[in-house]
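Read through the structure below, which is laid out as structure tokens, and then see the notes.
Number of protein chains: 2
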Amino acid sequence: MQAPAPGFNIGAVERETGLSKDLLRMWERRYGFPSPARDRAGERQYAPDDVSKLRAIKRLMDIGMRPGKIVHQTLGELNALADARSVVRRDDLAPPLGRNLLDLLKNHDAAALQQLLAQLVMRQGLQQFVLETVTPLNRTVGDAWMRGELQVFEEHLYTEQVQVALRTAINAFPRTATGVPRVLLTTFPNEQHGLGLLLVEALLVPEGAHCVSLGTQTPIDDIRRAAIAHRADILALSFSGAFPLRSAVDGVDLLRGLLPPQVTIWAGGEMTRRVRRTIPGIVLIPDLASAIQALRSWRAHRVPVHAG
Amino acid sequence: MQAPAPGFNIGAVERETGLSKDLLRMWERRYGFPSPARDRAGERQYAPDDVSKLRAIKRLMDIGMRPGKIVHQTLGELNALADARSVVRRDDLAPPLGRNLLDLLKNHDAAALQQLLAQLVMRQGLQQFVLETVTPLNRTVGDAWMRGELQVFEEHLYTEQVQVALRTAINAFPRTATGVPRVLLTTFPNEQHGLGLLLVEALLVPEGAHCVSLGTQTPIDDIRRAAIAHRADILALSFSGAFPLRSAVDGVDLLRGLLPPQVTIWAGGEMTRRVRRTIPGIVLIPDLASAIQALRSWRAHRVPVHAG
DNA sequence: TCAATACTCTGTCCAAGACAAAGAGCAAGC
DNA sequence: GCTTGCTCTTTGTCTTGGACAGAGTATTGA
Numbered sequence: 001m002q003a004p005a006p007g008f009n010i011g012a013v014e015r016e017t018g019l020s021k022d023l024l025r026m027w028e029r030r031y032g033f034p035s036p037a038r039d040r041a042g043e044r045q046y047a048p049d050d051v052s053k054l055r056a057i058k059r060l061m062d063i064g065m066r067p068g069k070i071v072h073q074t075l076g077e078l079n080a081l082a083d084a085r086s087v088v089r090r091d092d093l094a095p096p097l098g099r100n101l102l103d104l105l106k107n108h109d110a111a112a113l114q115q116l117l118a119q120l121v122m123r124q125g126l127q128q129f130v131l132e133t134v135t136p137l138n139r140t141v142g143d144a145w146m147r148g149e150l151q152v153f154e155e156h157l158y159t160e161q162v163q164v165a166l167r168t169a170i171n172a173f174p175r176t177a178t179g180v181p182r183v184l185l186t187t188f189p190n191e192q193h194g195l196g197l198l199l200v201e202a203l204l205v206p207e208g209a210h211c212v213s214l215g216t217q218t219p220i221d222d223i224r225r226a227a228i229a230h231r232a233d234i235l236a237l238s239f240s241g242a243f244p245l246r247s248a249v250d251g252v253d254l255l256r257g258l259l260p261p262q263v264t265i266w267a268g269g270e271m272t273r274r275v276r277r278t279i280p281g282i283v284l285i286p287d288l289a290s291a292i293q294a295l296r297s298w299r300a301h302r303v304p305v306h307a308g
Numbered sequence: 001m002q003a004p005a006p007g008f009n010i011g012a013v014e015r016e017t018g019l020s021k022d023l024l025r026m027w028e029r030r031y032g033f034p035s036p037a038r039d040r041a042g043e044r045q046y047a048p049d050d051v052s053k054l055r056a057i058k059r060l061m062d063i064g065m066r067p068g069k070i071v072h073q074t075l076g077e078l079n080a081l082a083d084a085r086s087v088v089r090r091d092d093l094a095p096p097l098g099r100n101l102l103d104l105l106k107n108h109d110a111a112a113l114q115q116l117l118a119q120l121v122m123r124q125g126l127q128q129f130v131l132e133t134v135t136p137l138n139r140t141v142g143d144a145w146m147r148g149e150l151q152v153f154e155e156h157l158y159t160e161q162v163q164v165a166l167r168t169a170i171n172a173f174p175r176t177a178t179g180v181p182r183v184l185l186t187t188f189p190n191e192q193h194g195l196g197l198l199l200v201e202a203l204l205v206p207e208g209a210h211c212v213s214l215g216t217q218t219p220i221d222d223i224r225r226a227a228i229a230h231r232a233d234i235l236a237l238s239f240s241g242a243f244p245l246r247s248a249v250d251g252v253d254l255l256r257g258l259l260p261p262q263v264t265i266w267a268g269g270e271m272t273r274r275v276r277r278t279i280p281g282i283v284l285i286p287d288l289a290s291a292i293q294a295l296r297s298w299r300a301h302r303v304p305v306h307a308g
């Protein structure tokens, strides 16, 4: 039994935190943090505590904070910051349900969790389940995670279980090849969060739409090709809060130019709420309820191109 | 309508190929390939063809070839090499099926594809479906993608459809809370390919195991915590061929030290085949059939810790 | 109140060098 | 003949410190 983790080298820290080596070195030069010890070869050896702090910083940056302002705070202060961010939202959640579910999550009772979710789908119906249960639950879980009340693996478990529940419910609907409109769902490269796609699908399928998901991280030009190949009426893109606003706007703009005008483009997800100006030819979906609105609006105004 | 992709910068190539920036620069210095053009700022601009060739090289390296021997071959020669390697295996796949499915994929007929997969699950049963259909299919699709016969989005579509088929089938099994052994499935950070986890789950659930998946990219220390929290008997980790061998071995070794000895650790996936030496306390699962073997072996030799 | 401009902050890229670990080849011994 | 141990070669990752472009912020002007 040896000392298990004396320190992380820079490659390991990159893996653990998602911060590139270049960036870690640059912060050391600029801010003096992190300032790792060196091994005999002169290579950086990061302490586990520094890695934790880096993770906390990364989280805060993902919601828009800037490194220069927060690198010198202690881990405690960083957590307090995360707290302050979410304190307003805590009232939103259906208290008994959220509590109940958080408890199951903390007891690591996957089976009971899944059963509860399945039961809720049955009772509420798929759409209501998404809008009234999953959405506030996501917020609750996200906040708890930010505050460190939830382990990373517990958050992973939650996401996985919700996905299972949603997929099961979606599959229960007969998938007609003639559904209208034809919706293609995916995310940009570097956007790994695919739960949003599934949530949208869960809202649209009961409305009779024909959804095809490509999963996450499709290169832009492939999105173009896919939209054309599938004769999509609507292209639905999802962006998490961590996605760089600029890249998203640029990419969506580019796509708009590449696709024929009769293909409607939806941009949704957390990031969408940070968008100020409207983007020509793009429908913003700042929350899930808007997706149903947008679908109905599409039906009212558009005739599917490929039909008839 | 402008030229869409004049070139990739080094960061984009890193993402596309999985070869680090450092490595790309080093190859340029050592081998003279790739030797990208420079933009006005003096930054590397890689041609799409170079990126394709880099992908081919990476793929060959993933099966054990060394860069010095192959960098100077043409893309055609590299493909021939890959061919020679897989020629034995190409016979494995049921030809009419693979052809049929590839055709559906190229016609972008998602509905028919899903129907075909669902039908196959029914006919073959879940385990046989995984071993005899999905595994060779994965190879076929992977090869076709390597040779540029398949668009990225078509590959995405395939993956997505297989996932749907598998999840549906897995959910059809009653999930007992008392299943034994308790298996926890996940991947390391930076490992985005989660299909392997689903495949393993699809093999184990019919055997009566209790599977809990955390999805992809769980930090190592959270894997430790999750394994303990879930009282896992087996921790199953999946690594794609692209995953850096070194990181994997180090991480797995670290985990072995962090977890009590009664937790069995499985390491599976493409990468596993490149491992030469045995890693103490780790069970290697070089192919999917081995997973069932390993499960039976576990049952023969181990008594679940948490039971009784 | 809103928009354009200037300035600061921040991340990525570059070059060339160093070194350690993995692989390959070869020799000695069973 | 086959294995074991050594050495040489190949290869990937880390190092420093400099440069610069794009994102975000603040200020100014309409």
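Quick note, the sequences are listed as chains L and Y, same order. Here our numbering is used: the first residue of the first sequence is 1, the next is one more, and so on. Here our numbering is used: the first residue of the second sequence is 1, the next is one more, and so on. Positions of the beta carbon are idealized from the N, C-alpha and C atoms, including for glycine.
### Three-pair Cβ contact test at 8 Å for the segment 127-144 of chain Y versus the segment 196-215 of chain Y
Short answer: they touch.
### Query
Within 10 angstroms of its Cβ, does Y/N107 collect 16 or more other Cβ (buried), or is it exposed?
By the neighbour-count criterion, in which 16 or more other beta carbons inside 10 Å mark a residue as buried, Y/N107 falls on the exposed side.
### Task
Compare the C-beta of L/L157 against all C-beta atoms of chain Y and say whether one is closer than 8 Å.
For L/L157, the answer is yes, since a Cβ of chain Y falls inside 8 Å of its Cβ.
### Task
Note the first and the last residue of the continuous beta strand (DSSP E) segment covering L/R182.
Taken as a continuous stretch (DSSP letters only), the beta strand (DSSP E) holding L/R182 covers R182 to T186.
### Task
Can you give me the start and stop residues for the alpha helix (DSSP H) that L/V205 sits inside?
Taken as a continuous stretch (DSSP letters only), L/V205 belongs to no alpha helix (DSSP H), as it is neither H nor E.
### Task
Can you grab the Cα-Cα spacing for the pair Y/K58 / Y/E270, in whole Å?
For the pair Y/K58 and Y/E270, the Cα-to-Cα distance works out to about 13 Å.
### Whether L/I285 touches L/A291 by CB criterion (8 Å)
In this structure, L/I285 lies near L/A291, with their beta-carbon atoms less than 8 Å apart.
### Buried or exposed (CB count within 10 angstroms, at least 16 for buried), L/D103
Looking at its Cβ environment, which holds fewer than 16 other Cβ atoms inside 10 Å, L/D103 is exposed.
### Query
Per DSSP, what kind of secondary structure is Y/R44 in: helix, strand or coil?
Strand at Y/R44.
### Query
Does the beta carbon of Y/Q151 sit closer than 8 Å to a beta carbon anywhere in chain L?
Yes - at least one Cβ of chain L is within 8 Å of the one on Y/Q151.
### Message
Between the alpha carbons of L/T264 and L/A209, how many angstroms are there, rounded?
### Response
Distance between the alpha carbons of L/T264 and L/A209 is about 14 Å.
### Query
Applying a beta-carbon distance threshold of less than 8 Å, which residues of chain L neighbour Y/I223?
Residues of chain L whose Cβ lies closer than 8 Å to the Cβ of Y/I223 are, in chain order, F153.
### Query
Is the Cβ-Cβ distance between Y/T216 and Y/E191 less than 8 Å?
Yes, they are a contact pair.
### Message
So, at 6 Å on beta carbons, what are the nonlocal neighbours of L/G11 in its own chain, with the 5 sequence-adjacent residues on each side left out?
### Response
Scanning its chain for C-beta atoms nearer than 6 Å, with the 5 sequence neighbours on each side dropped, one finds no residue around L/G11.
### Query
For the segment 110-126 of chain Y against the segment 158-177 of chain Y, are there 3 or more C-beta pairs whose distance is under 8 Å?
Yes, the segment 110-126 of chain Y is in contact with the segment 158-177 of chain Y.
### Message
So, at 8 Å on beta carbons, what are the nonlocal neighbours of L/V252 in its own chain, with the 5 sequence-adjacent residues on each side left out?
### Response
Once the five neighbours on either side are set aside, the close Cβ partners of L/V252 are L237, I265, A267, I279 and I282.
### Task
State the start and end residues of the unbroken alpha helix (DSSP H) segment that holds Y/A236.
Y/A236 -> not in any alpha helix (DSSP H); beta strand (DSSP E) instead, spanning I234 to S238.
### Message
Using the three-state DSSP reduction, which class does Y/D91 fall into: helix, strand or coil?
### Response
Model confidence at Y/D91 stands at a pLDDT of 49, short of 50, so the residue's coordinates are unreliable and nothing is read from them.
### Task
Quick one: list the residues of chain Y neighbouring L/E160, beta-carbon separation under 7 Å, in chain order.
When 7 Å is used as the limit between beta carbons, L/E160 is near these residues of chain Y: S213, L214 and G215, in chain order.
### Message
Do Y/L184 and Y/A226 count as a contact pair if the criterion is CB distance below 8 Å?
### Response
Contact flag set, yes.
### Query
Grouping DSSP H, G and I as helix and E and B as strand, with all else coil, what is L/F384?
Because chain L in this structure spans residues 1 to 308, residue 384 of chain L falls outside the shown range and cannot be described.
### Message
Let me make sure I understand the geometry here. Which of Y/D50, Y/H301 and Y/L126 has the alpha-carbon closest to that of Y/W27?
### Response
The option with the nearest alpha carbon to Y/W27 is Y/D50.
#### Entry: Beta-carbon contacts of L/T17 that lie in its chain and below 6 Å, excluding the five residues immediately before and after
Scanning its chain for C-beta atoms nearer than 6 Å, with the 5 sequence neighbours on each side dropped, one finds around L/T17 the residues L54, R55 and K58, in chain order.
### Message
Is L/T135 close to chain Y? Criterion is C-beta to C-beta, closer than 8 Å.
### Response
It does not: the Cβ of L/T135 has no partner Cβ on chain Y nearer than 8 Å.
### Minimum Cβ-Cβ distance from Y/T187 to chain L less than 8 Å
It does not; no Cβ of chain L falls within 8 Å.
### Query
Contact check, Y/R224 vs Y/L259 under 8 Å by CB: the rounded distance?
Between the beta-carbon of Y/R224 and that of Y/L259 there is about 6 Å, and that keeps the pair under the 8 Å contact cut.
#### Entry: Interface flag, Y/H230 vs chain L, CB-CB below 8 Å
Yes, its Cβ sits closer than 8 Å to a Cβ of chain L.
### Task
Can you tell me which of the three DSSP states Y/I279 falls into?
Y/I279 carries a coil assignment under DSSP once its states are collapsed to helix, strand and coil.
### Query
Does Y/N100 have its Cβ less than 8 Å from a Cβ in chain L?
So, not an interface residue.
### Task
Determine whether the Cβ of Y/Q192 lies closer than 8 Å to any Cβ atom of chain L.
Any Cβ of chain L closer than 8 Å to the Cβ of Y/Q192 would place that residue at the interface, and such an atom is present.
### Alpha carbon of Y/E207 to alpha carbon of L/L288, nearest angstrom
Their Cα atoms are separated by approximately 39 Å.
### Task
Would you identify the three-state DSSP class for L/L105, choosing helix, strand or coil?
Helix.
### Query
Can you name, in chain order, every residue of its own chain whose Cβ lies under 7 Å from the Cβ of Y/E155, other than the five neighbours on each side?
Excluding sequence neighbours, Y/E155 sits near V141 and W145.
### Query
Taking 8 Å as the CB-CB cut-off, is L/E207 touching chain Y?
For L/E207, not one C-beta of chain Y is nearer than 8 Å to its own C-beta.
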